[in-house]
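Numbering of the sequence shown is given in the working numbering, commencing with residue 172 and proceeding in unit increments.
In what follows, a single structure is set out as structure tokens and then discussed.
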Amino acid sequence: MNVSLKVETKPSFCRFCHANCAMLVDVVDGKVAAVRGDPDDPVYQGYTCQKGRQLAEAHNHPTRLLMHQRRTAAGFEPANSEEALSAIAARLRRILDDHGPHSIAVYCGTYAFQNSAGLGAALGFANGVGSRNFYTSVTLDQPAKVYTTMRMGQWGGGVHGFSDAEACIFIGNNPLVSHYAPPGGVPPFSPSRRLRDQLAKGLKLVVIDPRVTDVAKLATLHLQVKPGEDAAVLAAIANVMLQEGLYDKAFCQQFVGDLSAFADAVAPFTPDVAAARAGLSADDIVQAARIFGSVKRGAVSTGTGPEMAGQGNLVAWLVNAINIIGGRVNREGETSPVPRVFTPGAAPRKAEVSPPVRPWGEGFPASRFRGLTQLGFEMPCNVLADEILTPGEGQVKALINFGGNPLVAFPNPEKMARALDSLDLLVSIDIRMSQTARRSHWVLAPSMCLEREDITNLSEWWFEEPYARYAQALVPAPGETLDEYVMLWELCRRMGISMPTAGGNVPMDKVPTKAEFLDLMSATCRVPPSQVKADTPDGRHIFYPEHALTVLPGEPGSETRFDLVPDTLARDLAATLEKGGAGDRDGDYPFRLTSRRSAHVFNSSGHQYAALSKKGTTNFAWMNPADMEALGLADEMAIEIVGKRGALTGLARADPAVRCGVVSMSHAFGDVGQGADDVARIGVITSRLVDETVDYDPITGQSLQSAIPVRIAAA
Ligand code: SF4
172 MNVSLKVETK PSFCRFCHAN CAMLVDVVDG KVAAVRGDPD DPVYQGYTCQ KGRQLAEAHN
232 HPTRLLMHQR RTAAGFEPAN SEEALSAIAA RLRRILDDHG PHSIAVYCGT YAFQNSAGLG
292 AALGFANGVG SRNFYTSVTL DQPAKVYTTM RMGQWGGGVH GFSDAEACIF IGNNPLVSHY
352 APPGGVPPFS PSRRLRDQLA KGLKLVVIDP RVTDVAKLAT LHLQVKPGED AAVLAAIANV
412 MLQEGLYDKA FCQQFVGDLS AFADAVAPFT PDVAAARAGL SADDIVQAAR IFGSVKRGAV
472 STGTGPEMAG QGNLVAWLVN AINIIGGRVN REGETSPVPR VFTPGAAPRK AEVSPPVRPW
532 GEGFPASRFR GLTQLGFEMP CNVLADEILT PGEGQVKALI NFGGNPLVAF PNPEKMARAL
592 DSLDLLVSID IRMSQTARRS HWVLAPSMCL EREDITNLSE WWFEEPYARY AQALVPAPGE
652 TLDEYVMLWE LCRRMGISMP TAGGNVPMDK VPTKAEFLDL MSATCRVPPS QVKADTPDGR
712 HIFYPEHALT VLPGEPGSET RFDLVPDTLA RDLAATLEKG GAGDRDGDYP FRLTSRRSAH
772 VFNSSGHQYA ALSKKGTTNF AWMNPADMEA LGLADEMAIE IVGKRGALTG LARADPAVRC
832 GVVSMSHAFG DVGQGADDVA RIGVITSRLV DETVDYDPIT GQSLQSAIPV RIAAA
């Protein structure tokens, strides 16, 4: 009998990554059958990427966990929610009673950020426990831009947006592939079209990157810098802007406290000095400064690469400083480009500088290692393995790994494996048996995005208008799968602890609805999630024009100025001159290994899907053909990559877009304990080259994970 099933098409948005692209979803018989971009959404205009287009396969994939998993001596066995949550809560309660609150740690990885309630629920759980050991992937790759620039002060009106930029500088990010940019960079939806449209309108784009990336190919000027020399180039650009008067003198006079100190700090970085270090032409550096400094609108922005390359604080400082001296901020009467409907703290935007703050150090909960403390509300990932492995007061005995894969994402994977294996309790929340999940005592199976409600809070720092969505659950969550906020609420309830949020403790008498939970964690936002839900019964977008923000005048008499040279940054910059260039070839380690994004995977996610795995299952070691010829290497030949802290085997691939002297690899592939024969099948963990106890930033703990000195030979 031929039964034709009814196809229902419903609007939603993708949560494979944080871009939240608007989608139309075909539902057949209670299952996701197909997805495509929603052409009627005015912000996304039908855009999707290859990863998001796999959502139907992802929801129905045979390797997806539909039951929770308990590790036994005979292997993993399925468990229902009652069994799993009761057993985990009882174990956590005993650990809490026996070892105190800091013995329980939470790590929020990539997929904790794809559930709109994820971070709020995880933080509520950790605060309910009272643990200082709360970690997120932010401190793996970009803590400086999030935290350390706060010591300069912040402009109430925000940095210029992208849509009316006349000139931009992108450093070490490839937003066409990563779908990520900080404010001022290309919004991640339809980034290629947006960039091309803006270039057609006259945008001048400077790209600083050791590789001719997709975005570099579109640049007005590409500086193919040696890895690890971004700070020198930025200092020289700032120097030229100041020397040639290509900065906003009136703005600096009113709002910058110490311009001459900044000028002194960057003065030694003449274009010739920076060019020699960075392997560039001095004329190109001057031209970059003139391109950027000769217009009024547009910002400098950076990605994760330069932060991972050993000079994160210097780069974040110089990026911020160039935007400040260029006056690239929204002034009184202008529209602030990021209104943020759901983000808590809906204060008016004012044309003034807020006082510098240092959300780390004295007064913040301290790690037992390396003098590091929390940054804001999170402990640097740098210390997690040592906090687990080292006995004593506060030793971590239990870890909730929420949507992460620390085994392949953290520095020093063999040490992380020892740490994970030594835990009394390791719980992973994951849709599949990842490398970390396989070492866990329990794996909790979460519902997936089209099975749950969510808001666009994670993408709204790219919306230049007050745009919002509240997605409905389109299909039932299968098996025993649960929304992650419910898992964490259930653990709190069963442990007898509270679950604090921005809006107060979550009631524990009955499980809150998603809207109730989102309202609590979004307290003081512009429009409560439940209101957006009520305003959009069709699940489509809504604009709230009444929440468009005009920058208000600063407070009369406000005399706060930007601290343009805070703390030791001038000294740190000077110290880079005394050291040899980071990009210098030396006899023992003549190459620099840099990290890169791959369009078909999202960190360690996506390998299992058919269309994505066809693009490759290994992380090739991309090298310039001239380097390969000099070393006698051929495509797909196994090579040994040896650094000062470790070694790995990779597969060489030629790419003329890679600068000579560079080997370019994606991170978060491979597994601990793999053999050389496994490299073609699963790739290799590049952070085997990293020792987080030696090469790390003293404030953020950021480990050196790019621009790593290595030597290369045929394996
Ligand atoms: S960019 Fe991100 S949100 Fe958009 S379709 Fe791709 S994976 Fe989904």
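By construction, the Cβ of each residue, glycine as well, lies at the ideal position given by its N, Cα and C atoms.
| query | result |
| --- | --- |
| Could you spell out where the beta strand (DSSP E) holding Ser599 opens and where it closes? | Leu596 to Ile600 |
| For Asn676, which three-state DSSP category applies? | strand |
| Give a yes or no on contact between the stretch 588–601 and the stretch 322–334, applying the rule of three or more CB pairs nearer than 8 Å. | no |
| Quick check on the DSSP output: the alpha helix (DSSP H) that includes Asn298 runs from which residue to which? | Gly289 to Val300 |
| Taking Cβ to Cβ, would you say Ala745 is nearer than 8 Å to Gly483? | no |
| Have a look at Asp335 and Tyr218 and give me their C-alpha separation to the nearest angstrom. | 21 Å |
| Does at least one heavy atom of the ligand SF4 sit under 7 Å from the Cβ of Ala190? | yes |
| By a C-beta neighbour count over all protein chains shown, 10 Å radius and 16 as the cutoff for buried, is Arg364 buried or exposed? | exposed |
| If we ignore side chains and look at the alpha-carbon of each, how far apart do Tyr239 and Asp211 end up? | Per the sequence shown, the amino acid found at residue 239 is His instead of Tyr. Distance between the alpha carbons of His239 and Asp211: 38 Å. |
| Cβ of Pro359 within 7 Å of any heavy atom in the ligand SF4? | yes |
| Which term fits Asn251, buried or exposed, when burial requires 16 or more other beta carbons within 10 angstroms of its beta carbon? | exposed |
| Go ahead and pull the three-state DSSP assignment for Tyr867. | strand |
| Could you check how far apart the C-beta atoms of Ser630 and Val614 are, in whole angstroms? I think they sit under 8 Å. | Not a contact, Cβ separation roughly 28 Å. |
| Regarding Gly563 and the ligand SF4, is the C-beta to nearest heavy atom distance less than 7 Å? | no |
| Per DSSP, what kind of secondary structure is Phe463 in: helix, strand or coil? | helix |
| Could you check if Ser465 is buried or exposed, using at least 16 other CB atoms within 10 Å of its CB as the buried criterion? | exposed |
| On the CB-based measure, 16 or more other CB atoms within 10 Å of its CB, does Thr739 come out buried or exposed? | exposed |
| Taking Pro887 as the reference, which of Gly355, Pro649, Leu394 and Glu622 has the closest Cα? | Outside the modelled stretch of the chain, which goes from 172 to 886, sits residue 887, for which no answer is possible. |
| What is the DSSP secondary structure of Gln876, reduced to helix, strand or coil? | coil |
| Residues in its own chain within less than 6 Å of Phe573 by CB, not counting five upstream and five downstream? | Cys279, Ala283, Ala293 and Ile600 |
| Mapping the DSSP letters down to three states, classify Met172 as helix, strand or coil. | Annotation note: pLDDT 49 at Met172 (below 50); position unreliable, no value reported. |
| Going along the chain, which unbroken runs of the alpha helix (DSSP H) with 4 or more residues stay wholly within the stretch 634–699? | 655–666 and 685–692 |
| For Gln606 and Ala406, what's the separation of their Cα atoms in angstroms? | 41 Å |
| With a CB to CB cut of under 6 Å and the five nearest residues on each side skipped, what residues in its chain are close to Met172? | Because Met172 sits at a pLDDT of 49, beneath the cut-off of 50, its placement in the model cannot be relied upon, and the following sentence gives the value as read from the coordinates. If we look at Met172 and ignore the five residues flanking it on each side, it has no Cβ neighbours. |
| Run through DSSP, which three-state label would Asn572 get? | strand |
| Measure the alpha-carbon distance for Lys177 versus Phe187 and round it to whole angstroms. | 26 Å |
| Rounded to a whole number of angstroms, what is the C-alpha to C-alpha distance between Lys397 and Val198? | 50 Å |
| Within 10 angstroms of the Cβ of Leu748, are there 16 or more other Cβ atoms? Answer buried if so, exposed if not. | exposed |
| Classify Asn191 as helix, strand or coil using the three-state DSSP reduction. | coil |
| Would you check if the distance between the CB atom of Phe341 and the CB atom of Leu662 is smaller than 8 Å? | no |
| Which stretch, first to last residue, makes up the beta strand (DSSP E) that contains Lys375? | Lys375 to Ile379 |
| Kindly give me the distance between the Cβ atoms of Leu802 and Ala884, rounded to whole angstroms, as I take these residues to be in contact under 8 Å. | 7 Å |
| Relative to the ligand SF4, is the shortest distance from any of its heavy atoms to the C-beta of Cys620 smaller than 7 Å? | no |
| Tell me the DSSP secondary structure of Glu733 in three-state form. | One point to set straight first is that residue 733 is Phe, not Glu, in the sequence displayed. Residue state, collapsed to three classes: strand. |
| Assign Glu151 to buried or exposed, taking buried as 16 or more other Cβ atoms, counted over all protein chains shown, within 10 Å of its Cβ. | Outside the shown range of the chain (172 to 886) lies residue 151, about which nothing can therefore be said. |
| Would you call Ser837 buried or exposed, if buried means 16 or more other Cβ atoms sit within 10 Å of its Cβ? | buried |
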